[in-house]
Amino acid sequence: MILLFLFLVTSQVDNTWINYTSFTRVNDIKQDKQRLLTLSTGGIAIENDGQFEIITNLDGLLSNDVNDAVLDNQYNVFAVTNQGVSIFSPDASQNLNLTSYFHNIPHGTINSIIYRNDSIWIGAESGGWFWDTRGNPLNFSLTNARKFLNGVFIHKLFLIDDSIFFGRVAQLTVVPYQHFDDTNYHQHWTKGLSASDTIYALDKLNDTVWISTNNGAAYLSGDSFIFTFNEYCPALKNIHDTIFIADYFGRRIRYLSGNNWLSISSQPPSRPTAISLDLEDRLSLGTEKEGSYYLANNSWVYCSPPSLWREFVSSVSILPNGVMAAAHFPDADAISIRYPEGSWEYITPVNDSTWGSPRFIESFQDTAFAYGIYGHPGGIGIVYFDQDSAYLKKIRLPLSDETQPISCLHVDEENNIWCNSFLGSAPYILRYRHNTPPDTGWNSYFNSNYLYIYSMCRISDSHLAFGTAHFNANGFVALLNINDSTSSSQLANLAGNDIMGISKGLGDTLWVGSTGGINAVSVSNFTIVDTLTVTTTNGGLLDNSVLDVIYVPGNGLWALCENSGLSHRKLDGTWENFQHTAYLAGPPILDNRGGLFYQPDSQVIVVATSNGVTLHYIEVEDVELTEELIIYPNPWKNNSNLFISTGSEGTVYLYSLDGSLILEQSIPSTGICEIQSDQLENISSGLYFVIAKLVGVVKKGRLVIIK
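Residue numbers for the sequence shown, in the working numbering: 32 to 738.
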């Protein structure tokens with residue numbers, strides 16, 4: 032199981048996914064076997080002696096949205112989700128997911144689970160399941176499991192003393208646990224409950240049964256429920272002979288004193304969803320958006336597993352030393368900072384509370400993060416760290432007109448900060464030259480033809496490429512002449528598509544991700560030389576709405592797809608795809624303009640999603656992508672031979688972008704390979720990849736355009 036304290040490992044892990052999800056929506060908190068279980072939309076956190084163990088879908092959990100969970104006597108974890116039942120053993124090789132047995136449950140909705148003496152009860156949308164584990168939780172089968180209350184919606188199961196309570200809609204049922212499936216022993220209460228009352232929680236005070244529902248809190252008097260609180264109440268708990276409830280809409284924890292509901296004066300930071308005692312006998316609560324807390328000195332103290340400040344991540348970046356920063360637009364004004372040893376810090380980027388929220392963030396000068404503020408006013412800020420990764424300071428770089436938001440951010444290899452903003456009535460591209468006398472400060476480039484710019488990429492000493500969006504009208508790839516503040520030129524028109532991401536490829540190629548797929552654009556020829564869209568022939572993109580692209584030399588092209596997840600086109604042209612339901616912390620974000628980031632020092636792809644951050648460690652092949660591999664003419668046209676100059680003997684391979692090997696030819700001792708024109712005359716126009724494997728030298732690769 033993955034510990035949340037793991038971050039950037041020292042040894043390279045290939046194709047390994049690590050999630051940093053935020054435990055924002057807490058579904059329940061349970062103290063079980065001297066451990067505290069926090070059940071949330073981000074998985075399960077098990078606290079023991081101050082240490083957190085995290086279980087997520089990366090460990091095999093069927094879904095990160097956990098409805099309920101228990102521990103058995105052997106410390107196996109039984110978790111129920113809408114996808115089925117997951118069992119996690121202290122011996123990870125014994126982990127098990129149970130799904131096929133629950134296919135007859137409508138929508139797969141499994142709500143609740145209880146455990147006693149090697150027996151498991153599950154409450155679901157169409158009834159309940161029981162099985163006797165007989166000390167072995169892996170032996171589940173239809174021979175030792177059976178269904179009960181078939182067709183009955185069971186919202187919650189409660190085991191108190193020797194009785195099982197079935198929390199249903201408009202009804203509570205109780206039965207001795209030895210006779211749970213014998214309806215002759217069932218006792219039902221419905222009086223006082225409306226047709227819409229769904230029972231969420233149940234406990235006893237002395238011999239009186241108390242329940243909470245979507246319509247309030249009530250106690251059982253005779254054969255009827257008496258409501259004493261009449262608002263949405265997702266949690267109720269008897270703590271030290273006092274009934275506590277979660278007043279969801281009132282954002283209060285209330286407790287019963289006599290006949291009155293009093294409230295704890297300190298208000299939770301978010302709407303309460305769960306109540307419990309923690310391992311140190313303190314009142315603990317779970318919230319809708321802020322994780323979990325315990326009460327100390329009449330103040331709520333944050334105690335969720337160390338994690339992101341907010342789950343919604345709009346942009347993320349990592350420094351070479353392993354410090355990670357995540358922005359959470361529009362959910363938070365603070366940036367989440369994670370240090371290599373696993374500790375977290377939340378930094379408010381600017382002291383002026385009138386600024387907007389950080390939306391974009393990129394590494395800067397190897398020891399800092401630059402961030403763009405989207406809001407009114409907007410601007411640029413920098414957070415600095417020292418060589419030992421300790422936080423140093425933060426500064427702001429105000430624009431000449433601070434009332435306008437930043438809509439795009441890019442830091443180039445020279446540590447120039449580029450951004451796009453609306454100054455007055457027209458958009459500008461801005462460059463901040465930091466500590467580079469005599470040009471320190473802002474340069475502005477008038478750009479009236481392009482209203483919305485969501486992506487930028489420095490491609491040479493003299494030019495910046497950028498992509499525009501006009502809400503599914505005409506997105507352009509354009510070049511800005513850095514030496515002429517009024518000059519820009521259009522490269523390609525992707526009619527009907529918004530350009531969301533640009534990444535520099537090999538040679539003069541730009542990879543452009545848009546709402547219509549991916550295009551390879553030749554800078555020198557101002558032409559689209561290749562188009563990648565969803566295809567069933569070779570895997571292809573997960574979907575055609577691409578939010579961001581990154582080309583990694585020696586590994587290939589990565590694309591974040593709006594509806595599905597992450598697509599990777601490898602160097603040989605084949606594809607591998609990672610759907611967000613199985614791999615990513617959450618689905619991508621339509622409004623996320625900085626979804627992908629690559630940290631070459633750690634060889635890790637970083638993905639920002641709507642439910643946290645995912646790291647994917649990759650393998651970078653030893654391919655030296657260099658101009659020393661000379662191909663001429665390039666582009667190649669009919670009726671001429673193609674020459675590839677390598678400087679050494681070896682073998683040349685020509686691949687199409689679907690991974691097919693077109694030809695293979697040896698390189699003589701002269702270091703120049705000549706391919707006859709008739710060998711290429713039947714090859715269709717497009718972009719191809721040349722790899723030269725040289726004797727005693729690393730591989731070298733380049734692109735060739737064939738027309």
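Beta carbons: idealized from backbone N, C-alpha and C, even for Gly.
Which of helix, strand or coil DSSP assigns to Q62: Within the sequence shown, the letter at position 31 stands for residue 62. Q62 falls in the strand class under three-state DSSP.
C-alpha distance - A509 paired with I675, whole-angstrom precision: Sequence index remark: in the sequence shown, residue 509 carries index 478 (1-based). Sequence index remark: in the sequence shown, residue 675 carries index 644 (1-based). Cα-Cα distance, rounded: 31 angstroms.
Expressed to the nearest angstrom, what Euclidean distance is found between the alpha-carbon atoms of N237 and M355? For the purposes of this step, residue 237 is taken as residue 206 along the sequence shown, with counting starting at 1. For the purposes of this step, residue 355 is taken as residue 324 along the sequence shown, with counting starting at 1. About 51 angstroms.
Please return the same chain residues whose Cβ sits closer than 6 angstroms to the Cβ of T546, not counting the five positions on each side in sequence. Within the sequence shown, numbered from 1, the residue matching residue 546 stands at position 515. Result list for T546: N528, D529, S576, in chain order.
Inter-residue Cα distance where the pair is N128 and G91: As a working note, residue 128 is residue 97 in the sequence shown. As a working note, residue 91 is residue 60 in the sequence shown. Looking at the two C-alpha atoms, the distance is approximately 8 angstroms.
On the three-state DSSP scale, how would you describe T318? For this step, residue 318 is matched to residue 287 along the sequence shown. In this structure, T318 counts as strand in the three-state DSSP scheme.
Give me the Cα-Cα distance between G353 and A123, rounded to the nearest whole angstrom. By 1-based counting over the sequence shown, the position of residue 353 is 322. By 1-based counting over the sequence shown, the position of residue 123 is 92. Between the alpha carbons of G353 and A123 lies a gap of roughly 28 angstroms.
Cutting at 7 angstroms between CB atoms, please list the residues of its own chain near I257, excluding the five before and the five after it. Stepping through the sequence shown from its first residue, residue 257 is reached at position 226. Counting only Cβ-Cβ distances below 7 angstroms, and skipping sequence neighbours, we find G223, A249, Y250.
Taking S243 as the reference, give the member of C264, I490, L602 with the closest Cα. By 1-based counting over the sequence shown, the position of residue 243 is 212. The alpha carbon of S243 has as its nearest neighbour, out of C264, I490, L602, the alpha carbon of C264.
Can you grab the Cα-Cα spacing for the pair V552 / Y405, in whole Å? To locate residue 552, count along the sequence shown from 1; it is residue 521. To locate residue 405, count along the sequence shown from 1; it is residue 374. For V552 and Y405, the distance between alpha carbons rounds to 29 angstroms.
If you drop the 5 nearest sequence neighbours on each side, which residues of the same chain put their C-beta closer than 7 angstroms to that of N269? By one-based count along the sequence shown, residue 269 stands at place 238. Excluding sequence neighbours, N269 sits near D234, K235, L236.
Rounding to the nearest angstrom, what Cα-Cα distance links V721 and S715 in this structure? In the sequence shown, residue 721 corresponds to position 690, counting from 1. In the sequence shown, residue 715 corresponds to position 684, counting from 1. So the alpha carbons of these two residues sit roughly 16 angstroms apart.
If distances are taken between C-alpha atoms only, which option among V651, I60, K668, V644 comes closest to S367? Looking up residue 367 in the sequence shown gives position 336. Closest option to S367, judged by alpha-carbon separation, among V651, I60, K668, V644: V644.
On the DSSP letters alone, give me the boundaries of the beta strand (DSSP E) that F739 sits inside. Given that the chain is displayed from residue 32 to residue 738, the structure contains no residue 739 and the question cannot be resolved.
Any heavy atom of the ligand FAD closer than 7 angstroms to the beta-carbon of V347? Inclusion of the ligand FAD in the displayed structure is not the case, the ligand content being empty and no account of it being possible.
Look at I75 and N142 and say whether their C-beta atoms are less than 8 angstroms apart. Translated into the one-based positions of the sequence shown, residue 75 becomes position 44. Translated into the one-based positions of the sequence shown, residue 142 becomes position 111. Contact flag unset, no.
I need the DSSP call for T214, collapsed to helix, strand or coil. Here residue 214 is taken as the residue at index 183 of the sequence shown, counted from 1. In this structure, T214 counts as helix in the three-state DSSP scheme.
Could you tell me how far apart the beta carbons of I448 and Y463 are, in whole angstroms, since I believe they sit closer than 8 angstroms? As a position in the sequence shown, residue 448 is number 417, starting the count at 1. As a position in the sequence shown, residue 463 is number 432, starting the count at 1. Sure, about 4 angstroms apart at Cβ, within 8 angstroms.
Alpha-carbon to alpha-carbon, Q298 and R369: Position 338 of the sequence shown holds residue 369. Position 267 of the sequence shown holds residue 298. A straight line joining the alpha-carbon of R369 with that of Q298 spans about 28 angstroms.
By Cβ distance below 6 angstroms, which residues in the same chain neighbour K64 in space, the five residues on each side in sequence not counted? Residue 64 sits at position 33 when you count from the first residue of the sequence shown. Here the set comprises L102.
Please state whether the Cβ-Cβ distance between D228 and Y208 is less than 8 angstroms. In the sequence shown, residue 228 corresponds to position 197, counting from 1. In the sequence shown, residue 208 corresponds to position 177, counting from 1. Contact flag unset, no.
Leaving out five residues on either side along the sequence, give the residues of the same chain with a beta carbon under 6 angstroms from the beta carbon of G281. For the purposes of this step, residue 281 is taken as the residue at position 250 of the sequence shown. Counting only Cβ-Cβ distances below 6 angstroms, and skipping sequence neighbours, we find nothing.
A357 versus F260 - alpha carbon distance: Stepping through the sequence shown from its first residue, residue 357 is reached at position 326. Stepping through the sequence shown from its first residue, residue 260 is reached at position 229. Each residue's Cα considered, the two are about 41 angstroms apart.
Please report how far the alpha carbon of T112 lies from the alpha carbon of L591, in whole angstroms. For the purposes of this step, residue 112 is taken as residue 81 along the sequence shown, with counting starting at 1. For the purposes of this step, residue 591 is taken as residue 560 along the sequence shown, with counting starting at 1. Their backbone Cα atoms lie some 27 angstroms apart in a straight line.
So what does DSSP say about N766, is it helix, strand or coil? Beyond the ends of the chain as shown, which are 32 and 738, falls residue 766; an answer cannot be given.
Residues in the same chain with beta-carbon distance under 7 angstroms from P699, minus the five sequence neighbours each way, listed in chain order, please. Numbered from its first residue, the sequence shown carries residue 699 at position 668. The answer, listed in chain order, is E680.
Helix, strand or coil at Q125 [DSSP, three-state]: Within the sequence shown, residue 125 is the residue found at index 94, counting from 1. Taken through DSSP and simplified to helix, strand or coil, Q125 comes out as helix.
Going by Cα to Cα distance, which pick from E650, V651, T677, E652 is closest to Y663? Within the sequence shown, residue 663 is the residue found at index 632, counting from 1. Nearest of E650, V651, T677, E652 to Y663, Cα basis: T677.
Just checking my contact of N665 with Q707 at CB under 8 angstroms: how many whole Å lie between their CB atoms? For the purposes of this step, residue 665 is taken as the residue at position 634 of the sequence shown. For the purposes of this step, residue 707 is taken as the residue at position 676 of the sequence shown. N665 to Q707, Cβ: 17 angstroms. No contact.
DSSP three-state assignment for N708, whether helix, strand or coil: As a position in the sequence shown, residue 708 is number 677, starting the count at 1. Just to set this straight, residue 708 is Ser in the shown sequence, not Asn. Three-state result, S708: helix.
R302 and Y279 look like a contact to me (Cβ under 8 angstroms); what is the Cβ gap, rounded to whole Å? As a first step, residue 302 must be located in the sequence shown, where it is residue number 271. As a first step, residue 279 must be located in the sequence shown, where it is residue number 248. 5 angstroms between Cβ atoms; contact.
If the criterion is Cβ atoms closer than 8 angstroms, does the pair L267 and W241 meet it? As a position in the sequence shown, residue 267 is number 236, starting the count at 1. As a position in the sequence shown, residue 241 is number 210, starting the count at 1. Yes.
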